Amino acid sequence: MCEESGSNHSQESGTLNDFSSNDFSFNDSGSKGRQYQVLCAPQPSRFTWRDFRCLNNSMESHSTPLAVIAHIDVNAFFAQAEMIRLGLSSKDPVVCVQWWSLIAVSYAARAYGINRMDTVASAKKKCPNVILAHTAVFKKGEPFWTYKEAGVLPSVLDHKVSLDPYRRESRKIMRIFRSECDKVQKASVDECFLDFGRLIFTKAIELFPILNDPKSMENLDDFLPPIPQVLPEWCEFKGEVIPSNGDEIGNENEIGIGESKDVHNNQRILTDWDDIFIMIGSKIAYQIRERIRKELGYTLSCGISRVKTVSKLASGFIKPNDQTIVRSSAIPIFLKNFEFTDFWSMGGKTGEIIRQKLMIPTDENSIEYILKNFSLKELQLKLKPDTALATRLYSMAKGEAYDMLDLKTDVKSMCSTKNFRGKSLSSKEDLYEWMKVFTSDLMQRLTELDEEEGIFNSENLNNNNNNNITKACTIRRPKTMSVHYKSAKYRMVSKQCQLPLVASIERLNEIVYQTGCKLVNQLVETWDNTTLGEMFPSVNASLTISSFENINFKSKSIDEFFHIKGDKAKSERKDEAINLMFNEIKNDNTSTNNKPIKKDNKVEMDKTLTTNNNNKHIDIFQSLAKKNLKDNTIQEPISLTDEDDENRKENNEYPPNYCAECQKIISKDQTAEHDDFHYALNLSKKWNEESNTTPTNNRDNEQNLNNDPTGSSSKQLYRSRKKKKLDKGQSTLPF
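Following UniProt numbering, the numbering of the sequence shown begins with 1 at its first residue and continues without gaps.
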């Protein structure tokens with residue numbers, strides 16, 4: 001790991017005249033015009049060729065002590081987005097409003113003392129000329145969002161906030177990040193981490209040919225050569241460079257939050273390659289920020305260090321529109337400005353428990369106290385049994401938490417919800433109208449997810465345009481959707497069903513909306529006023545999609561498998577499939593309409609594909625055959641003889657396109673379709689098998705509820721919602 005460097009250079013080298021110096025000045029829009037005297041003090045490197053080569057490995061670039069990680073966030077993002085949309089300047093006091101609250105305040109408005117704790121009224125008192133820009137809103141029944149005029153506040157009764165405009169702007173910024181850097185982790189809508197490892201490796205070889213020595217591959221554990229005494233002209237720091245003890249600043253004072261930086265020495269001594277590489281990283285980050293400012297108009301702040309945790313703290317250290325550079329030797333001094341609870345995941349109850357167990361005095365810096373009084377083993381004993389937490393805390397305090405960037409977002413579910421006031425939602429028809437809004441909101445977020453995964457424009461999905469896709473793309477789509485409803489008496493009921501895996505956002509939008517309306521019907525039909533009270537008015541309703549699964553877009557879909565010609569034919573077949581499934585649900589609900597609500601309110605689509613009257617199976621292939629949708633894609637496969645089959649079993653010589661289920665060799669260009677064929681057959685078989693048992697079980701449950709002489713059916717309704725009690729001696733950790 002990196003050690004503090006340069007503390008004895010003046011003694012070892014005699015005087016500063018022995019050093020070679022480069023004076024760099026940068027008076028640009030992205031920095032504060034700071035001027036540094038950069039002194040090169042070469043010494044034997046502490047880093048090996050292996051450390052350097054790791055920068056060029058996407059799986060290891062974060063773990064080398066030469067790593068350079070940047071954290072970049074947009075200054076007052078929502079307020080900036082509104083400022084740009086309205087064509088205003090950075091000097092105009094703009095605030096972003098949601099109903100009567102402020103959710104973002106521009107730096108011009110902050111000059112008047114306005115902050116996010118203010119209301120619209122209090123902000124006007126502080127600055128009569130404040131510009132109120134309300135977020136975009138959906139109107140009830142409309143599947144699109146619109147903006148109101150500046151200063152006009154929409155009604156909370158029939159509108160829902162849409163954050164889609166900000167997600168769109170975020171995607172524009174993320175596209176630039178990803179076009180400039182190969183490893184980008186989106187942390188939120190307005191911030192991200194960038195691993196500059198491979199960029200720095202390439203640039204370092206270009207600037208310093210000595211690092212491109214072929215002999216370096218002979219022994220990767222050899223140390224790197226010393227840094228050169230004179231740097232190329234391209235090399236310069238871009239941003240505020242936190243001083244270290246080795247910078248000969250004359251005392252041990254460090255930069256403090258809110259403290260004037262001009263009182264400090266402007267001298268920065270570079271002793272090893274980690275200093276050189278972080279200098280290169282600062283210039284790369286500056287160039288990216290400048291591109292975003294020129295192309296999109298946004299100003300950003302940036303923090304640069306060897307690890308994510310320090311870079312995150314550094315990006316907010318000097319704002320707005322600046323960069324804070326924390327070299328490895330400066331990390332101990334820099335962290336004196338923070339408490340351990342400032343680290344991500346160390347706040348809240350977790351932080352309180354750690355502080356109590358370690359008995360950290362309130363008048364001492366907690367990070368410094370931890371390092372001074374505890375070794376790693378001692379810390380693990382103190383925080384036992386959570387040794388992983390102790391290890392994490394210790395590595396963060398030392399600035400050595402070498403975390404890998406998470407390049408993809410693992411989405412579990414998406415929810416669109418609305419709280420209602422008074423009688424603004426008082427009928428089934430009102431719920432239909434809000435289903436349009438919820439569905440549109442979720443589909444816009446799915447589009448964002450596609451772009452976050454770095455796939456391609458969603459128009460390719462909607463138009464089934466494979467020509468522009470050069471490689472197989474994996475997209476994530478939900479398998480389950482549910483409607484949640486809360487009455488005025490705060491009784492929560494939900495309905496759930498399965499969704500087909502559909503690549504097209506446009507088509508999925510239709511399916512989710514139609515299915516949502518069907519589930520609303522079932523909510524109304526099965527609502528029991530006796531146990532739940534009156535259904536309307538409502539205080540909350542929501543639509544959730546979940547159980548996301550990967551789809552390989554290049555592989556053939558079921559539509560292609562059945563050779564359905566034209567978008568209209570495909571749409572008709574899918575509409576028929578949806579209606580067929582829900583007609584069966586409707587028939588089932590009609591026959592039990594007067595019965596109490598079922599124990600399990602979820603509607604399992606794959607468990608309701610039967611007809612109560614005659615219990616006939618629903619075979620998806622039989623249903624499709626009625627529309628003359630036959631399988632014309634699979635040619636007659638080539639069969640293996642019994643003798644050939646036995647020989648191949650013994651020698652394990654089956655070709656890759658051999659189908660074990662059919663015991664036949666499939667044509668290579670038909671293997672994907674053939675796999676889909678078996679998948680569909682198995683799915684149909686599974687539905688039919690489940691339909692033989694599920695209706696009987698449901699009727700038994702309903703009969704038990706009807707015949708319950710104790711009147712405990714309502715208790716059974718909510719029993720599944722109660723949390724499990726812990727056994728004696730068990731406890732729940734607060735973190």
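The C-beta atom is built at its ideal place from N, Cα and C for all residues, glycine as well.
Note that the structure is a prediction, hence the values are computed from the model and not measured.
Indicate the three-state DSSP secondary structure (helix, strand or coil) for residue i in the structure shown.
| i | result |
| --- | --- |
| His484 | strand |
| Thr48 | strand |
| Ile318 | coil |
| Asp221 | coil |
| Phe420 | coil |
| Arg198 | helix |
| Glu206 | helix |
| Ser713 | For Ser713, the pLDDT reaches just 42, beneath the cut-off of 50, and the residue's location in the model is therefore unreliable, leaving the point undetermined. |
| Trp145 | strand |
| Leu211 | helix |
| Gly258 | Its pLDDT being 37, under 50, Gly258 is placed unreliably by the model, and the measurement read from it follows with that caveat. Coil. |
| His674 | helix |
| Phe374 | coil |
| residue 781 | Past the edges of the chain, shown from 1 to 735, lies residue 781, and the structure says nothing about it. |
| Asn601 | Because the pLDDT of Asn601 is 41, which lies under 50, any placement of that residue in the model is unreliable, and the number read from its coordinates should be weighed accordingly. Residue state, collapsed to three classes: coil. |
| Phe343 | coil |
| residue 758 | No statement about residue 758 is possible, as the shown extent of the chain runs from 1 to 735 and does not include it. |
| Glu534 | coil |
| Gly281 | helix |
| Leu446 | helix |
| Cys235 | coil |
| Asn529 | helix |
| Glu433 | helix |
Would you list the one or two residues that DSSP bridges to residue i?
| i | result |
| --- | --- |
| Asn552 | Thr474 |
| Asp406 | Paired residues: none, contrary to the question. |
| Ala390 | For Ala390, which the question treats as bridged, DSSP gives no partner whatsoever. |
| Asp73 | Glu191, Ser301 |
| Lys495 | Val483 |
| Glu240 | Thr324 |
| Ala541 | Lys418, Tyr485 |
| Ser546 | Ser413, Thr480 |
| Thr119 | Ser101 |
| Val137 | Thr146, Val161 |
Mark residue i as exposed unless 16 or more other C-beta atoms lie within 10 angstroms of its C-beta, in which case mark it buried.
| i | result |
| --- | --- |
| Glu149 | exposed |
| Pro478 | buried |
| Asp406 | exposed |
| Ala390 | buried |
| Phe223 | exposed |
| Val94 | buried |
| Gln323 | buried |
| Pro65 | buried |
| Asn444 | The sequence given here places Gln at residue 444; Asn does not occur at that position. By the 10 Å Cβ count, Gln444 comes out buried. |
| Asp410 | exposed |
| His305 | Note that residue 305 is Ser in the sequence shown here, rather than His. Buried is the call here. |
| His678 | exposed |
Flag residue i as yes when its Cβ comes closer than 8 Å to any non-hydrogen atom of the ligand COA, and as no otherwise.
| i | result |
| --- | --- |
| Phe277 | No copy of the ligand COA appears in this structure; indeed no ligand is present at all. |
Taking the beta strand (DSSP E) that residue i belongs to, which residues open and close that run?
| i | result |
| --- | --- |
| Ser101 | 101-105 |
| Ala133 | 131-134 |
| Leu270 | 267-270 |
| Cys96 | 94-98 |
| Ser162 | 159-162 |
For the alpha helix (DSSP H) containing residue i, name the first residue and the last one.
| i | result |
| --- | --- |
| Lys357 | 348-358 |
| Pro332 | 331-335 |
| Arg306 | Where Arg306 is concerned, there is no enclosing alpha helix (DSSP H), given that its DSSP letter is neither H nor E. |
| Val520 | 505-526 |
Could you tell me whether the Cβ of residue i comes closer than 9 Å to any Cβ of chain B?
| i | result |
| --- | --- |
| Val95 | No chain B appears in this structure, which consists of one protein chain only. |
Can you find at least 3 beta carbon pairs, one from the segment 313-333 and one from the segment 226-243, that sit closer than 8 Å? yes
With a cut-off of 8 Å, do at least 3 Cβ pairs link the segment 189-198 to the segment 62-72? Counting Cβ pairs under 8 Å, three or more are found: they touch.
Do three or more CB pairs link the segment 534-546 to the segment 407-420 at distances below 8 Å? yes
Inter-stretch contact at 8 Å, needing at least 3 Cβ pairs: the segment 117-130 / the segment 155-165: no
Determine, using beta-carbon pairs with one atom in the segment 274-282 and one in the segment 222-238, whether at least three such pairs fall under 8 Å. yes
May I ask you to verify whether the segment 392-399 touches the segment 306-315, counting CB pairs closer than 8 Å and requiring at least 3? yes
Report yes or no: do three or more beta-carbon pairs, one from the segment 36-54 and one from the segment 295-303, lie closer than 8 Å? no
Three or more C-beta pairs closer than 8 Å, one from the segment 363-381 and one from the segment 418-426: is that the case here? As far as the Cβ criterion goes, the segment 363-381 does not touch the segment 418-426, which means the pair count is below three.
Using 8 Å as the cut-off, can you tell me whether the segment 368-387 makes contact with the segment 511-521, which would need three or more C-beta pairs spanning the two stretches below that distance? The segment 368-387 makes no contact with the segment 511-521; the number of CB pairs closer than 8 Å stays below 3.
With contact counted as at least three CB pairs below 8 Å, one residue from each stretch, are the segment 98-115 and the segment 78-88 in contact? Output reads yes: the segment 78-88 touches the segment 98-115.
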